[in-house]
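Here's the structure, in structure tokens; my notes come after.
4 protein chains.
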Amino acid sequence: MKTNKSNKAASPPPLMALSKIKNENLVKQKQLMIARKAAAVFVKKGYEKTTIRDIAKATGLAMGNLYDYIQKKEDILCLVFDLYHQVIEDSVRSPEITAIDDPVEQMHAIIRIGQRSVRQYRDEIMLMYRLSHLLPPAYLKRVMKRERRHIKQMETYIKNGVKKGAFKVKDPYFAASVIFILQSGLATRGWTFERKHSRKKTDNLMTDVITKSILG
Amino acid sequence: MKTNKSNKAASPPPLMALSKIKNENLVKQKQLMIARKAAAVFVKKGYEKTTIRDIAKATGLAMGNLYDYIQKKEDILCLVFDLYHQVIEDSVRSPEITAIDDPVEQMHAIIRIGQRSVRQYRDEIMLMYRLSHLLPPAYLKRVMKRERRHIKQMETYIKNGVKKGAFKVKDPYFAASVIFILQSGLATRGWTFERKHSRKKTDNLMTDVITKSILG
Amino acid sequence: MKTNKSNKAASPPPLMALSKIKNENLVKQKQLMIARKAAAVFVKKGYEKTTIRDIAKATGLAMGNLYDYIQKKEDILCLVFDLYHQVIEDSVRSPEITAIDDPVEQMHAIIRIGQRSVRQYRDEIMLMYRLSHLLPPAYLKRVMKRERRHIKQMETYIKNGVKKGAFKVKDPYFAASVIFILQSGLATRGWTFERKHSRKKTDNLMTDVITKSILG
Amino acid sequence: MKTNKSNKAASPPPLMALSKIKNENLVKQKQLMIARKAAAVFVKKGYEKTTIRDIAKATGLAMGNLYDYIQKKEDILCLVFDLYHQVIEDSVRSPEITAIDDPVEQMHAIIRIGQRSVRQYRDEIMLMYRLSHLLPPAYLKRVMKRERRHIKQMETYIKNGVKKGAFKVKDPYFAASVIFILQSGLATRGWTFERKHSRKKTDNLMTDVITKSILG
DNA sequence: CATGAATGAGTGTTCATTCAT
DNA sequence: AATGAATGAACACTCATTCAT
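Chains A, H, S and R, in that order, are what the protein sequence lines are. Using the numbering used here, the first residue of the first sequence is number 1, and each one after it goes up by one. Using the numbering used here, the first residue of the second sequence is number 1001, and each one after it goes up by one. Using the numbering used here, the first residue of the third sequence is number 2001, and each one after it goes up by one. Using the numbering used here, the first residue of the fourth sequence is number 3001, and each one after it goes up by one.
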């Protein structure tokens, strides 16, 4: 890990540079609002079936005005990805986690917080899952880089645990990936589990699999 | 599981009944062809950006004739799901698997064949993941039922291994789900692994995780 | 009136000459059947919303075979007009009428039979009413000529009654037209009357208006 | 009749509420324009053969913009009905009529004005006759209600004349209906009369039939 | 900065008609 | 004579984007 000690992941510079609006703060604030409202609409209707009119109505902006903050419909998608990636990423760097020293305790916290985020943002995560292929290629690269960074962050925690003798893992990167996939699976395939077990039970079972099996 | 000993999963009757064509064989044959060709186009362009004209060109059918075999664009999606679900489902009931008696050997075969299918149909599987929410609700139910059947099939193999003392698994359904998710993850997140390891290595690591960790 | 003493109005030669079928009787018989079945479908669905497929199904003919008896969809319309014009026209020349000598009695018969036909073929009459503008111009002319002939036939009966001193009518053609319109009105606007009176009452009132008022 | 003393018939609220345009006045003004221009095109080409592009061209609106004022092609038909029903309805409540006290004079005015409207809007009236069955059922009901209101308005005038001893009519509603049908007949079957007599002559003959015969 | 009316290319879908069998 | 699969032009309708106010 480089020396990015902040618990905020460095947010990459927004792709859509030139809005016609000069006031930069206003732009950021409105773009955030747009992302939030748009995400809700996308979740309900799907991206392709959501019209710019829908977004305008949901955000309370006039259509022309909306276009002062974006250049194309696609940009709204990017804004949504920006927002929720940040949210997810932040969760894994939260003080709730970094403050813990004991690797096992820490991993439990990571899993617990991960499960909490997954449950809270399940819709948004599934949205991103489904829509990533609609992103402009340049932006898609960024998204994937971000995801790798996320996995590497987890890898770091695991390596740390290995060093301290808490885990026995041959390939920490692979383990981190598996954990990541299992947690994504909770978002996208939650219903598979929850037909049999309660959420709590599911979470416990998953925690067991990760701590006992994956991390030895 | 009833005594469906055939290695072909019972294919549910196609939802889209009334094509305007009277020759039933022709209908089945062309629908299969449409599914295959359409899937390729969907993979390349995405469902929503694929026009009926694209499908017509890809299938070599005139637009009007294409509509003799379907009722709506949506139906093509269903045809694609029908086709590749069948393919995936068949793979887990293949004689290559059912012929094996030793549970460990059998599980290895399951995993190996699963990995092979996942690699062969990665694009189509990802397509189905992304597009399932576009299915008509009635059809979506069928798809989910099918997926559960798939997981239960795996559960059966696991239970069998437990009975024979080969596996130690408290909750075979949960284990089956985890295996399913991990294999799906290979399809949808394969790139995550393959940045670090070769396919072969990845497969071996995954096999290890499943056999040693999940199944004890 | 020329000397067309037959009670069958001379049917003009069918416009659509060349069917590919050689057997003339077969052609006529099938065309009649087509007209009858098609009329029913047109009544139910409207001409424009009725497809050739619908007609084929209704007639029991294969689409290609149907086209052996017509040249274009329009021709079916003409066949329908041919059939029901004949029916209506015949009614006013029926022996039930021509056999009566007393002009007043005769007029009562005309009205009664007119009302009966109107009630029996209301749907078909309204159909013809609504669709006449879709006829090919040449055929439309024939239709209008036929209608005038119908009115003139009535005019002849009126003139006869005037000559015999039974009616006092200045302008028999005008009177005939008014009668024709009132009877058409019964077909197209029947509901207007029948909200207030029974069919029988309506018929009696109408008969009164015609005999007492129009014909003095 | 309540105390609706205005000479404008209360126009029922338009069924097609939500246009995408927010400026209400603009909507009304353009819808009126659309109705007028569309009616002309429908008269020339028939409703079904008129394409939305035709209407767009005729109105000078872009296709998309046209759809800001309507929801479906059908709605244009409704707009046309709305417009010309209003026109017809207003004519029978015009001060030219209501200002007259003497029932005979008044009836003459009604007939004269009716004939004038019928001649002026013959094409539009015929259009409405032919196309009423294409209206959405809910709207058709309104149209029929409106027509009954029209007839009842005439009934009121007749009853008034009866009360004042000017007419001898047993069934004023029936008489009103007959008058209505005769005047409609002038629109739809005018050519029947006008082959023999001038318009003026025809009008006079018709006036005679109505005043002398129908109203005694 | 904000508004919302206007643009028009593009989409899914239908259907009269033909023609090989 | 009869069949029904194939053709493709044409239609109603949508929606991202612009721009005058």
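We put the CB at the ideal spot given by N, CA and C, even for glycine.
Evaluate Ser2177(S) with the Cβ neighbour count: other Cβ atoms within 10 Å of its Cβ, from every protein chain shown; 16 or more gives buried, anything less gives exposed. Ser2177(S) should be labelled buried.
Val2087(S): CB within 7 angstroms of a non-hydrogen atom of the ligand GDP:
Among the ligands in the structure shown, none appear at all, so the ligand GDP cannot be discussed.
Segment contact, 8 angstroms Cβ cut-off, at least three pairs: the stretch 3182-3197 of chain R with the stretch 3165-3173 of chain R: The stretch 3182-3197 of chain R, when compared against the stretch 3165-3173 of chain R, does not touch it at the 8 angstroms Cβ threshold.
For Phe167(A), three-class secondary structure by DSSP
In this structure, Phe167(A) counts as coil in the three-state DSSP scheme.
ask   = If you draw a straight line from the alpha carbon of Glu2105(S) to that of Met2206(S), how long is it in whole angstroms?
value = One Cα belongs to Glu2105(S), the other to Met2206(S), and the distance between them is close to 16 angstroms.
- Task: Enumerate in chain order the residues of its own chain whose CB-to-CB distance from His2085(S) is below 6 angstroms, with the five nearest sequence positions on each side excluded.
- Result: Closer than 6 angstroms at Cβ, skipping near neighbours: Arg2146.
| request: Would you mind telling me which residues of chain H sit closer than 9 angstroms to Leu182(A), beta carbon to beta carbon, in chain order? | output: Going along chain H in sequence order, the residues near Leu182(A) (Cβ under 9 angstroms) are Val1178, Ile1181, Leu1182, Gly1185.
Task: Short CB-CB distance (under 8 angstroms) between Gly161(A) and chain H - done: So no, Gly161(A) is outside the interface.
Secondary structure of Ile100(A), DSSP reduced to three states: Ile100(A): coil per DSSP, three-state reduction.
Note to self: Under 8 angstroms, with one C-beta from each stretch per pair, do the stretch 2035-2043 of chain S and the stretch 2052-2065 of chain S reach the 3-pair mark?
What the structure shows: They touch, by the three-pair rule.
> My guess is that Phe3180(R) and Phe2174(S) are in contact by the Cβ rule of under 8 angstroms, so how many angstroms apart are they, rounded?
Replying inline: About 19 angstroms separates the beta carbons of Phe3180(R) and Phe2174(S), which is beyond the 8 angstroms limit, so they are not a contact pair.
Open item on the list: Just to confirm my understanding: we take Glu3096(R), look at its own chain, exclude 5 residues before and 5 after, and list those with CB closer than 7 angstroms. What are they?
Closed with: Same-chain partners within the cutoff: Ala3109, Ile3113.
At which residues does the alpha helix (DSSP H) containing Ile1052(H) begin and terminate? Its alpha helix (DSSP H) spans residues 1052-1059.
Meets three-Cβ-pair contact criterion under 8 angstroms: the stretch 2069-2076 of chain S and the stretch 2086-2094 of chain S: Cβ pair count under 8 angstroms is below three, so no.
Contact with chain R by Lys2196(S), beta-carbon distance below 8 angstroms
It does; some Cβ of chain R falls within 8 angstroms.
(message) Let me confirm a value: Glu1267(H) is counted as buried when at least 16 other C-beta atoms fall within 10 Å, else exposed. Which label applies?
(response) Chain H is shown only over 1001 to 1216; residue 1267(H) falls outside these bounds and no answer can be derived.
Quiz prompt | Against chain R: residues of the stretch 2046-2074 of chain S by CB proximity under 7 angstroms | solution = If the cut-off is 7 angstroms between Cβ atoms, the stretch 2046-2074 of chain S has Gly2046, Glu2048 near chain R.
Please list the terminal residues of the continuous alpha helix (DSSP H) segment that includes Ile2214(S).
In the DSSP assignment, Ile2214(S) falls outside any alpha helix (DSSP H) and carries neither an H nor an E.
Q) Under a Cβ-count criterion, where at least 16 other Cβ atoms within 10 Å of its own Cβ denotes burial, should Pro3103(R) be classed as buried or exposed? A) Classification of Pro3103(R): buried, given that the 10 Å Cβ count is 16 or more.
field: Rounded separation between Lys3020(R) and Tyr3067(R) - CA only
entry: Approximately 8 angstroms between the Cα atoms of the pair.
| Proximal residues to Ile2100(S) (C-beta, below 7 angstroms), its chain only, five neighbours per side dropped | Closer than 7 angstroms at the Cβ level, and outside the excluded window around Ile2100(S), lie Gln2106, Ala2109.
- Item | Cut-off 6 angstroms between Cβ atoms - residues of its own chain near Lys30(A), not counting five sequence neighbours on either side | Once the five neighbours on either side are set aside, the close Cβ partners of Lys30(A) are Tyr69.
*asked:* Please list, in chain order, the chain R residues whose beta carbon lies closer than 7 angstroms to that of Leu2205(S).
replied: Per Cβ cutoff of 7 angstroms: Asp3171, Phe3174.
request  = Please check if any C-beta of chain A sits within less than 8 angstroms of the C-beta of His1133(H).
outcome  = At least one CB atom of chain A sits nearer than 8 angstroms to the CB of His1133(H).
| message | Looking at the secondary structure, which residues open and close the alpha helix (DSSP H) in which Asn204(A) lies? | response | Segment 199-208, the alpha helix (DSSP H) holding Asn204(A).
Taking only the alpha-carbon atoms, compute the straight-line gap between Asp208(A) and Lys1037(H) and give it to the nearest angstrom.
Spanning the two alpha carbons is a distance of roughly 44 angstroms.
Check: What is the C-beta distance between Ile158(A) and Pro172(A), in whole angstroms, given that I count them as a contact (C-beta under 8 angstroms)?
Finding: So it is a contact: roughly 4 angstroms between Cβ atoms.
Is Ala3035(R) near Asp3082(R), with beta carbons less than 8 angstroms apart? In contact: Ala3035(R) and Asp3082(R) (Cβ atoms closer than 8 angstroms).
- Can you find a C-beta in chain A that's less than 8 angstroms from the C-beta of Arg1122(H)? Not closer than 8 angstroms to any Cβ of chain A, the Cβ of Arg1122(H) fails to qualify, so no.
Any idea what DSSP makes of Val1092(H), helix, strand or coil?
Coil, per DSSP.
Exercise. Quick one: give me the first and last residue of the alpha helix (DSSP H) that Arg2130(S) is part of.
Key: Here the alpha helix (DSSP H) through Arg2130(S) covers 2122-2131.
ask   = Does any C-beta atom of chain S lie closer than 8 angstroms to the C-beta of Ser3213(R)?
value = Using beta-carbon distances, Ser3213(R) counts as an interface residue toward chain S, with a partner under 8 angstroms.
8 angstroms Cβ cutoff, Ile3151(R) in contact with chain S: Judged by the 8 angstroms Cβ criterion, Ile3151(R) is in contact with chain S.
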